[in-house]
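Peer 1: Just so we're aligned, residue 247 is where the sequence shown starts under the numbering used here, counting upward by one. Got a structure for you, written out below as structure tokens; questions coming shortly.
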Amino acid sequence: STIGFIQFLAPTLQFAVGVWAGEQLTGLRIASFAFIWTGAGVFAAAAFFRQRAARRALKDSAKDVAGA
Numbered sequence: 247s248t249i250g251f252i253q254f255l256a257p258t259l260q261f262a263v264g265v266w267a268g269e270q271l272t273g274l275r276i277a278s279f280a281f282i283w284t285g286a287g288v289f290a291a292a293a294f295f296r297q298r299a300a301r302r303a304l305k306d307s308a309k310d311v312a313g314a
């Protein structure tokens with residue numbers, strides 16, 4: 247859901263504020279950030295492909311109705 251995606255943004259904003267404030271950037275923090283955005287990317291890709299499949303199914307059903 248959209249709420250799930252928004253929950254990925256909070257750690258990213260905290261990360262950005264930490265970098266801006268001069269907080270030490272460790273390898274663990276970079277890895278955590280990478281995992282968060284990988285998850286967000288997977289979420290976005292799944293939503294994109296799900297929407298694409300729904301559009302395709304709608305087109306196919308419209309063709310079936312028009313051709314019947």
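Here a beta-carbon is modelled for each residue, glycine too, at the ideal position from N, C-alpha and C.
1) Alpha carbon to alpha carbon, how far is Ala262 from Phe295? Give it in angstroms, no decimals.
2) May I ask which residues mark the beginning and end of the alpha helix (DSSP H) holding Ala262?
3) Please report the straight-line C-alpha distance between Gly264 and Val288, rounded to a whole angstrom.
4) Please name the residue, chosen from Ile252, Leu274, Leu259, that lies closest to Ala267 on a Cα-to-Cα basis.
Peer 2: Result, derived from the coordinates:
1) 30 Å
2) 248-266
3) 25 Å
4) Leu259
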